[in-house]
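To keep things clear, I will list the structure first and then write my remarks on it.
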Amino acid sequence: MTLQLFNTLSTQVEALTPADGKAVTLYACGPTVYDYGHIGNFRTFVHVDLLRRFLEQQGVPVKHVMNITDVDDKIIRNAAAQGVSIADYTPRYEKAFLDDLRALGCLSPVIMPHATENIPEMVALIQKLEQRGLAYRTEDGSWYFRINGDPEYGKLSKKDLSGNTAGARVDVDEYEKDSASDFAMWKAAKPGEHAWDTALGHGRPGWHIECSAMAMKFLGETLDLHAGGEDLMFPHHENEIAQSESATGKPFARHWMHVRFLLVEGRKMSKSDGNFFTLRDLLLRGYKASAIRFLLLSVPYRHQLNFTFDGLAESHSAVDRLRTFRQRIEHGPWPAGENAELAAQSREAANAFTAALANDLNTAEARAAIFDLVRHANTAADHGKLQQANVQPILHALTLFDQVFNVIEDHDTEIAREALAWAEHEGKLTKESANLQASLELSDADIDKLIAERTQAKKSRNFARADAIRNDLAAKGILLEDSKDGVRWKRK
RNA sequence: GGCGCGGUACCCAAGUGGUAAGGGAGAGGUCUGCAAAACCUUUAUGCGUGAGUUCGAUUCUCACCCGCGCCUCCA
Numbered sequence: 002m003t004l005q006l007f008n009t010l011s012t013q014v015e016a017l018t019p020a021d022g023k024a025v026t027l028y029a030c031g032p033t034v035y036d037y038g039h040i041g042n043f044r045t046f047v048h049v050d051l052l053r054r055f056l057e058q059q060g061v062p063v064k065h066v067m068n069i070t071d072v073d074d075k076i077i078r079n080a081a082a083q084g085v086s087i088a089d090y091t092p093r094y095e096k097a098f099l100d101d102l103r104a105l106g107c108l109s110p111v112i113m114p115h116a117t118e119n120i121p122e123m124v125a126l127i128q129k130l131e132q133r134g135l136a137y138r139t140e141d142g143s144w145y146f147r148i149n150g151d152p153e154y155g156k157l158s159k160k161d162l163s164g165n166t167a168g169a170r171v172d173v174d175e176y177e178k179d180s181a182s183d184f185a186m187w188k189a190a191k192p193g194e195h196a197w198d199t200a201l202g203h204g205r206p207g208w209h210i211e212c213s214a215m216a217m218k219f220l221g222e223t224l225d226l227h228a229g230g231e232d233l234m235f236p237h238h239e240n241e242i243a244q245s246e247s248a249t250g251k252p253f254a255r256h257w258m259h260v261r262f263l264l265v266e267g268r269k270m271s272k273s274d275g276n277f278f279t280l281r282d283l284l285l286r287g288y289k290a291s292a293i294r295f296l297l298l299s300v301p302y303r304h305q306l307n308f309t310f311d312g313l314a315e316s317h318s319a320v321d322r323l324r325t326f327r328q329r330i331e332h333g334p335w336p337a338g339e340n341a342e343l344a345a346q347s348r349e350a351a352n353a354f355t356a357a358l359a360n361d362l363n364t365a366e367a368r369a370a371i372f373d374l375v376r377h378a379n380t381a382a383d384h385g386k387l388q389q390a391n392v393q394p395i396l397h398a399l400t401l402f403d404q405v406f407n408v409i410e411d412h413d414t415e416i417a418r419e420a421l422a423w424a425e426h427e428g429k430l431t432k433e434s435a436n437l438q439a440s441l442e443l444s445d446a447d448i449d450k451l452i453a454e455r456t457q458a459k460k461s462r463n464f465a466r467a468d469a470i471r472n473d474l475a476a477k478g479i480l481l482e483d484s485k486d487g488v489r490w491k492r493k
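Quick note on numbering: the numbering used here labels position 96 of the first sequence as 97, and the sequence is numbered without any gaps.
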């Protein structure tokens, strides 16, 4: 099924197709690695991951490129403050970011170019623009893009900057610009700053030129899809379009996708408001990576998501329901034969799931389709009407779901352990992480042993002992479920 | 000020010109040694407010109220 996706450029929902008929070329703006990623960042990355997974599930390969911005003003500032070079400063944050992506179940982009490794391409692009009269050098040695030379400027963000005159909001350092809206493609180095010696002079690339150069280097002059957070639409993506299209004369990206911001407790996240959370903050408080991913995905990408701790608890319960359900279906035992009605419901669920995602990635509707099936199958099972031939279609629907949402398969314990190990190493253990630590103290083998002991106690009708074991485990966040076919357990 | 988005049950949330998906939470019940899980019943004659169009509007139009985001640090 072809994905219909809203295109910011046309403001229409349009089919997303590969221009070459084979693979979709996707460029997603990546992180500036100057600090740990926050959950707002990850809402965007998780939705891009879902898009990619869905396309691949539909048989469309995705050539997914994500840049790593490893030189910019903040990096230079922070590195200088610590007295280290930028090359010594950025790797820890890059690693942290990639670990976080993995923790959230995101596929790794196919190519992850670094800004500092593609300087020649950026220089060449600026030179090309200079030849076309769209780049100019100011007295301090910086290079700017001439907006007035691009009649289409503003077409993505629907802004008309033609009325802008020099003087409004001009940085004191940038008084030499022809127009207030002209933006830097190359920044002359100030004394002591990390810089490259190039034909443009001694300096470093601007943020926008980096993405233009790397996107075109790795994916060609016209991309199928360019994605990022809504804030990047202007000026970042607008500037990327201006630079790229002015240089090539071709459309830079056929399709643009922008993920709306996440709010926290109804407000934009900000450090000063005290509602700023990194992924690590949440993991150390004991929230599961799967619950976080599911919450981030539960509200479709074009709507604001209000991130709350109540919502996180809710997502945890919802993921738990799916996991419990899959276990139940897999374990059986089920009588021979097939319940035709349930088989039909399974097919409907799979179809509805795919149709919902194909409709501009309606994740809320897609998850509803799967929960419908959960209820139908549980009901059938309780009435002895779930039969062996029903198992495969149900699992098929769950597999479709999890290939995209990626939350049923459980990696939460190992991710929590990694987060704890990191916090310990960095000296960032807190009171809340102590609770998490306690709950991870018992190994799976320890738990199985205690469960065996409890089963013995139950057999000899020593319920006091059995309940004591169950209560002790519960205190450590281990929940037991007795069933006809044995004991299941899970970490809370 | 300019541009844009949203207001659906206790909470989150989908949706359609024809009479309200799904999840979570609560209450009662079934099952269980007791729990848990699961199931059953239950929680919006109602979709911000007021008009209008229509045989019919939550869904279209207009006005108003409220909330949020973007407007060159920002996912």
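Note that beta-carbon positions come from the ideal geometry of N, C-alpha and C, so glycine has one too.
Checklist entry - Quick one: what does DSSP say I112 is sitting in, helix, strand or coil? => result In this structure, I112 counts as strand in the three-state DSSP scheme.
Next on the checklist: Comparing C-alpha positions only, which one of H203, G193 and V85 sits nearest to W187?
Outcome noted: H203
Checklist entry - What residues are listed by DSSP as bridge partners for T199? => result Per DSSP, G202.
Checklist entry - Thinking just about the alpha-carbon of each residue, which of A356, S299, A390 and A351 is nearest to the one in P334? => result A390
Checklist entry - Whose CA, out of T139, G84 and D282, lies closest to the CA of E433? => result D282
Checklist entry - Exposed or buried, which one is K485 when buried takes at least 16 other CB atoms within 10 Å? => result exposed
Item to check | Rounded straight-line distance, which links the Cα of T325 to that of K493 | outcome: 13 Å
Item to check | Given 8 Å, three or more beta-carbon pairs between the segment 237–249 and the segment 260–275 | outcome: The segment 237–249 vs the segment 260–275: no contact.
Item to check | Assigned exposure category for G168 - 16 Cβ within 10 Å defines buried | outcome: Model confidence at G168 stands at a pLDDT of 38, short of 50, so the residue's coordinates are unreliable; what they give is reported in the following sentence. With fewer than 16 Cβ atoms within 10 Å of its Cβ, G168 is classed as exposed.
Checklist entry - So, helix, strand or coil for E194, using DSSP? => result E194: coil per DSSP, three-state reduction.
Checklist entry - Does the count of Cβ pairs from the segment 120–131 and the segment 39–51 closer than 8 Å reach three? => result Taking 8 Å as the limit for Cβ pairs, the verdict is that the segment 39–51 does not touch the segment 120–131.
Checklist entry - Taking DSSP as the reference, what is the three-state secondary structure of A136? => result Three-state DSSP puts A136 in a strand.
Checklist entry - Of the residues S213, I409 and A435, which one's Cα is nearest the Cα of L421? => result A435
Item to check | Top-ranked residue by Cα proximity to T364, from P19, D50, A80 and V34 | outcome: Of P19, D50, A80 and V34, the residue nearest in Cα terms is D50.
Checklist entry - To the nearest angstrom, how far is it from the Cα of I200 to the Cα of G142? => result Just to set this straight, residue 200 is Ala in the shown sequence, not Ile. The straight-line gap from Cα to Cα measures roughly 11 Å.
Item to check | Beta-bridge pairing of D483 - partner residues as DSSP gives them | outcome: V488
Next on the checklist: Once the 5 residues before and after I77 are set aside, which same chain residues still bring their CB inside 7 Å of it?
Outcome noted: I87, E194 and H195
Next on the checklist: Looking at the secondary structure, which residues open and close the alpha helix (DSSP H) in which L264 lies?
Outcome noted: Where L264 is concerned, there is no enclosing alpha helix (DSSP H), although the beta strand (DSSP E) it sits in stretches over L263 to V265.
Checklist entry - By Cβ distance below 7 Å, which residues in the same chain neighbour S158 in space, the five residues on each side in sequence not counted? => result Listed in chain order, the non-local C-beta contacts of S158 below 7 Å within the same chain comprise M234, F235 and E239, local neighbours out to five positions each way being set aside.
Item to check | Nearest residue (CA-CA) to M217, options G230, R103, T91 and K251 | outcome: K251
Item to check | Nonlocal neighbours in the same chain, by C-beta distance under 8 Å from D172, ignoring five residues either side | outcome: In this predicted model, D172 has a pLDDT of only 44, less than 50, meaning its place in the structure is not dependable enough to derive any value.
Checklist entry - What's the C-alpha gap between R471 and R348? => result 39 Å
Checklist entry - What residues in its chain sit with their C-beta under 7 Å from that of Q404, if we drop five residues either side in the sequence? => result R54 and Q58
Checklist entry - DSSP state of G155, grouped into three classes? => result coil
Checklist entry - Which ranges does the alpha helix (DSSP H) cover as unbroken runs of at least 4 residues, wholly within the segment 37–120, from first to last along the chain? => result 40–58, 74–83 and 87–104
Item to check | Residue from Y302, A214 and E331 whose Cα sits closest to the Cα of R261 | outcome: Y302
Item to check | Validate contact between the segment 303–317 and the segment 253–267 using beta carbons, cut 8 Å, 3 pairs | outcome: yes
Checklist entry - What's the C-alpha gap between A319 and G287? => result 17 Å
Checklist entry - Could you give the uninterrupted runs of the alpha helix (DSSP H) lying entirely in the segment 296–364, keeping only those of 4 residues or more? => result At a cut-off of 4 residues, the continuous stretches assigned as alpha helix (DSSP H) that sit fully inside the segment 296–364 are 310–332 and 341–359.
Item to check | Limits of the unbroken alpha helix (DSSP H) element including L391 | outcome: Note that residue 391 corresponds to Asn in the displayed sequence, not to Leu. Here the alpha helix (DSSP H) through N391 covers Q389 to F406.
Checklist entry - To the nearest whole angstrom, what separates the beta carbons of P32 and T70, a pair I think is in contact under 8 Å? => result The pair is a contact, with the Cβ atoms about 7 Å apart (cut-off 8 Å).
Checklist entry - Out of I409, P114 and D311, which has the shortest C-alpha to C-alpha gap to M215? => result Looking at I409, P114 and D311, the one whose alpha-carbon comes closest to that of M215 is P114.
Checklist entry - Does the pairing of the segment 381–388 with the segment 425–432 give three or more beta-carbon distances under 8 Å? => result no
Checklist entry - Helix or strand or just coil, what does DSSP make of R255? => result strand
Checklist entry - How big is the Cα-Cα spacing for A290 and K450? => result 27 Å
Item to check | Beta-carbon proximity list for Q5, same chain, < 8 Å, skipping 5 on both sides | outcome: V14, E15, A16, L17, A359, N360 and D361
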